[in-house]
Structure formats: C-alpha cells, structure tokens
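Numbering (this note's numbering), first residue to last: 2 to 592.
Every residue gets a Cβ at the ideal spot worked out from N, C-alpha and C, and that includes glycine.
Worksheet: one structure, shown below.
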C-alpha cells in the first residue's frame with residue numbers, strides 16, 4: 002500500500018502445525034535433537050544478524066538514493082546487495098528478512114513470477130524470511146511454489162519460462178498464517194546454532210494481510226494476532242534450548258528524523274502496540290512493511306529495552322545487528338546500517354554520483370549473471386514504446402492525491418466506457434496500486450516496462466453498478482478502514498470526470514462533503530456504473546462496500562487499458578480532483 006554462507010539450518014520448529022497456546026506442549030523431537038547436538042558456547046560470542054526487508058524484486062538498481070552526510074548515495078541492485086552481504090558476513094552470522102521480498106516487482110522479476118528474485122536472494126545467502134502481505138499476491142499455492150520449486154501454473158503467466166525453478170534455498174516462516182484445517186501454511190519458527198549459541202526465530206506477516214491483497218487470493222487463510230502468536234511460540238523455543246529469540250515481522254514504524262538518528266524522534270506506527278504486548282524473552286524485532294529505515298530502542302514489557310530495526314526498501318540498505326553473549330547469556334546488542342552502494346550503479350534519472358561517504362561494493366558475479374539473464378529475457382517487451390505523455394505523473398503517498406493513480410483511472414474509464422466493456426460512468430483506482438512515478442523520455446515516449454513497474458499486479462477491470470449512496474459509503478471508507486484513519490487516510494484516485502471533497506474534522510460517516518460527476522452532484526438514489534480493478538471489486542484494501550456492486554462486466558487487463566490510453570497521447574493529470582476542506586491546523590483527537 003501508501004513504501005551470506007551460513008551454518009546449516011536446523012529443522013524448523015512445528016513445521017506445518019499451528020503454534021500452541023499456553024500451556025505449551027513439549028518441544029518437537031527435531032528441536033530436542035537440535036539441542037542435543039552440542040553444548041552452548043562457554044565464553045564471549047558475538048552473533049551477527051544481517052537483516053533486510055521489502056526487497057520487492059528489485060534485481061536492478063532501483064533509482065533510489067540514500068541520504069549521506071553530504072548529498073545522497075545511489076543504492077540497491079541484487080548483485081551489489083549480494084556482494085555487500087557476502088563481504089560483511091562474519092564467522093558467526095545469519096541473514097534474515099522481514100517480508101515482501103517478492104510482489105509489486107519490476108518487470109525483469111515480475112514477468113517471470115519473481116523466480117529470479119528468489120534465485121538471487123538464495124545465492125546471496127539469505128537463510129530465513131518472514132512472509133509479508135505481497136508474498137500472497139498470487140495466492141498461497143504460488144507462495145508454496147516459491148518455497149518448494151516446480152513449474153505448476155497457478156495464474157495466467159507461465160512459470161519456468163526461462164529455466165526450471167528449484168525454489169528458495171532459504172526458509173519462509175509464517176507463524177500466524179493459518180489454513181482452513183488449522184495448520185500453519187509454512188513453518189512458523191526455526192532454530193539456528195550460531196557460534197555455539199542457539200537462536201530461535203519467529204516469522205510472520207501483519208494480521209491485516211487479508212485486507213491488503215485480493216480476497217480471492219487468501220481465501221481459506223486466517224491471519225492471527227501477531228503478539229499472541231509470537232508469545233505462544235516463546236515457551237516452545239525456550240524449552241528447545243533457545244538462548245535468544247528474534248521476531249521477524251512484516252509490520253513496522255516510522256520516525257520523523259533521519260535513519261541516522263538513533264533517538265528515533267517521532268517513532269510511531271502499527272508495530273508499537275504489538276511491541277507493548279510481546280514477551281520480554283523476544284530480544285530483537287526485525288521489522289518491515291513501512292519501507293522506512295530505523296534502529297530504535299523501545300521499552301520492553303517488564304522493564305528493559307528491546308532493539309527494533311528496519312532497513313528501508315528495495316535492497317538499498319542492510320541492517321548489521323550484533324548480539325553479544327557471555328556464558329551463553331545475552332549481555333548486549335548493537336546495530337548499524339550497511340548502505341548498498343555499487344561500483345557501477347547507473348542513475349540516469351537520479352543523476353547521483355557515487356559517494357566516498359560509504360564503501361563501494363563490486364557486483365557479485367553469480368547474482369549478476371542471474372540478473373543479466375532475466376533482464377535480457379525481459380528486454381524486448383520492456384523496451385517496447387507504447388505511447389506518449391506530455392508530462393510526468395507521481396505516485397505520491399496513499400494519503401495524498403496521486404496523479405499516477407489518476408492516470409490509471411483515466412485509462413480504465415477510456416476502455417470501460419464501451420458497452421461491451423461495462424458502459425462505465427466513471428472509474429476509481431486505489432492509490433497504493435500505483436507503485437512508481439511515470440516519467441516520459443524527452444520526446445514524451447513511454448515504454449512498456451515503465452507502465453509495468455507502475456502497475457505490476459495483473460488485475461482485471463470490473464465495472465459494477467452502485468447507487469449514489471453506496472458511492473458515498475465507499476468514499477467514507479477512505480478514512481475508517483483497516484490500519485488507516487482520518488489522520489492517515491487511504492485515498493481513492495478518480496477518473497477525470499469525477500471529483501470529491503472531504504473534511505477530516507467531521508464525524509465518522511459525514512466526512513465526504515461533496516461528490517460530482519461531469520461537474521454535477523451525484524444523485525444518492527440513482528445507479529451508476531463504476532470501473533475498478535478486481536482487487537477492489539472483491540473488497541480489497543478493506544473497501545468492503547465495493548464488494549456489493551451489481552451486474553459485473555469484465556473489462557480486460559488493467560495494464561492493457563493503460564497501454565491503450567497512452568497510445569492516444571493523453572495529457573498528464575494535474576491533480577485537483579480531490580479537495581481537502583479540513584480546517585487549517587486541525588489535528589485528530591488522541592486515541
């Protein structure tokens with residue numbers, strides 16, 4: 002939405018079984034055997050945990066800059082990420098991730114169902130990864146294929162298009178993802194012995210995952226409460242001999258200062274209530290989802306402080322975490338960032354030079370070969386010119402007007418106005434579905450790879466009938482659904498013939514002040530034909546009112562609509578379709 006060679010992995014705890022609730026059962030036999038494999042280290046030991054999150058299939062450098070002491074540093078790219086991990090890895094090390102490694106990915110990964118991203122991260126030495134919401138974009142069967150490999154087809158795109166796919170060499174963890182038969186979809190926990198220290202890991206996604214992906218894609222799955230699930234795993238890991246417990250969770254926070262600022266000013270976010278409830282035995286929380294970078298110390302229940310980290314997004318940074326043990330007891334911790342600055346990062350859009358403020362990493366040959374192979378395979382389609390645009394559009398944040406999402410909405414209406422495509426009156430697009438800015442070349446040319454990056458989900462268009470009252474109810478849900486509220490709304494992007502205004506200071510259900518179609522107020526009782534993507538049509542993003550629409554008509558692939566619209570050489574949206582009438586200086590009441 003609004004965004005390393007290691008020790009052998011011991012058998013995971015409670016693989017494919019539900020996590021117990023207190024009182025816990027005895028440890029599984031495989032963990033009992035793991036404990037028996039050797040005594041704990043007697044003297045001082047430092048365990049390194051290299052952590053990343055929200056990679057989102059960025060095989061190539063993502064045109065992302067990281068602030069430095071002076072200026073900015075170009076960063077990212079799978080080959081440089083692998084080099085950074087391999088060169089910085091110590092003897093006693095493990096590499097982990099906090100979700101969204103795949104999904105919402107650039108074309109060189111997405112065209113091939115993210116197989117190359119799984120291959121690259123496996124080659125880079127990733128060991129354990131929590132699932133994130135985007136791991137479920139194509140449904141649980143496809144996620145299991147990512148783990149286990151194979152060429153079974155679970156959607157419209159053909160798997161193994163370039164070569165056979167062996168699956169991830171790392172282990173996905175999904176402690177709070179429960180199937181219809183009451184079992185976890187994937188193992189929930191794992192134990193690793195690192196330098197004689199037994200470290201237990203719990204991995205999970207955020208409990209709102211079902212509202213962030215297509216409901217059809219997670220049908221039959223339940224996403225359990227994060228803190229309850231993690232706390233239930235603690236006694237089992239302890240009984241199995243864990244000397245430290247680490248939570249990998251795809252939920253996160255934000256700070257108002259720079260990632261350099263370890264005071265973490267303005268620390269906020271949906272992970273904080275989870276942290277308040279966590280068992281103090283969980284010493285470290287590696288987080289993600291918000292695409293922010295931070296290293297913070299947060300009070301732990303019962304006293305003391307707990308380390309909370311996140312490494313931003315797209316493989317531009319890695320968190321280097323060190324846990325210090327003496328006599329098998331955790332006595333201290335520290336963390337710092339590794340900025341992934343590659344020696345040959347090309348930044349034609351950013352025009353950011355390499356910086357001496359951070360080390361420069363060479364490309365890892367094995368991962369570079371994977372990236373080159375899939376970039377070459379994708380190039381003929383990615384480089385195809387599809388149309389022109391007279392200016393750039395920006396994705397923005399989910400709580401502000403997005404001209405990129407409005408362009409997509411315009412394309413949806415352009416196609417769905419036809420009688421056989423839905424006879425649409427207007428279109429709506431979720432802001433979070435526009436993943437990148439769209440910046441034309443000097444002559445206005447737009448290429449297929451650009452629009453694929455902007456809307457990589459392969460949704461179909463659906464046109465349904467709603468009354469004016471139902472349309473207002475949908476727009477009111479922008480301020481009250483899921484993890485969004487009137488201080489951080491989840492705005493819709495309307496097509497160019499539709500507009501609305503809101504006032505966040507008004508009571509719930511009364512925040513939409515005006516709605517107009519073709520410059521005239523909508524009729525509360527009249528029926529209108531509205532085009533949306535199938536993610537929204539089934540209630541995605543928790544816009545539940547959209548699921549009740551009537552007389553659905555399929556309008557084809559959303560990406561095809563954008564391509565057809567750009568072929569007409571349209572003007573770029575300039576905003577102004579959404580007006581915020583909230584009184585200046587108003588602040589939402591404290592919860």
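Take residue 492, set aside five residues on each side of it, and the residues of its chain with a beta-carbon closer than 8 Å to its own are 399, 400, 401, 402, 403, 432, 479 and 579, in chain order. Per DSSP, reduced to three states, the secondary structure at residue 370 is helical. In terms of Cα proximity to residue 215, the closest of 544, 424 and 468 is 544. Closest by C-alpha distance to residue 281, out of 166, 473, 235 and 104, is 235. Using a 10 angstroms sphere on the CB of residue 64, the tally of other CB atoms reaches 16 or more, which defines it as buried.
In the DSSP assignment, residue 467 falls within the beta strand (DSSP E) that extends over 461–468.
Following the DSSP letters along the chain, one finds residue 274 in no beta strand (DSSP E) but inside the alpha helix (DSSP H) bounded by residues 272–278. If you keep only unbroken beta strand (DSSP E) runs of at least 3 residues inside the region 157–232, you get 172–174, 190–195 and 198–206. Residue 161 sits close to residue 116, with the two beta carbons spaced by under 9 Å. For the 9 Å CB-CB criterion, residue 437 and residue 454 form a contact. Taking C-beta atoms as the reference points, residue 256 and residue 269 count as a pair closer than 9 Å. Residue pairing for residue 335: DSSP places it in a beta bridge opposite 323. For residue 224 and residue 535, the gap between their C-alpha atoms comes out near 22 Å. Residue 67: not part of any alpha helix (DSSP H); member of the beta strand (DSSP E) spanning 65–68, first to last residue. Secondary structure of residue 458 (DSSP, three-state): coil. By the Cβ neighbour-count rule, residue 85 is buried, with 16 or more other Cβ atoms within 10 Å of its own.
Nearest neighbour of residue 488 by Cα position, chosen from 434, 590, 444 and 457, turns out to be 590.
Out of 103, 188 and 569, the CA that lies nearest to the CA of residue 59 is found in 103. DSSP places residue 97 within a strand segment (E or B) once states are collapsed to three.
Taking C-beta atoms under 8 Å as the contact rule, residue 389 and residue 320 fail to qualify, at a distance of about 42 Å.
Per the DSSP secondary-structure output, residue 49 pairs in a beta bridge with 94 and 323.
Here residue 359 carries a coil assignment [DSSP, helix/strand/coil].
Separation of the CB atoms of residue 190 and residue 201 is rounded to 6 Å, and the pair is thereby assigned contact status at 8 Å.
If only complete runs of 3 or more residues are kept, the region 376–433 shows the beta strand (DSSP E) at 386–389 and 427–431, in order along the chain. Sequence-distant partners of residue 208 (beyond 5 residues in either direction) whose C-beta falls short of 7 Å from its own C-beta, in its chain, are 177, 224, 225, 226 and 227. Going by beta carbons, residue 222 and residue 137 fall inside the 9 Å limit.
Bounds of the beta strand (DSSP E) holding residue 534 are 528–534. Annotation: the continuous alpha helix (DSSP H) that includes residue 119 extends over 116–125.
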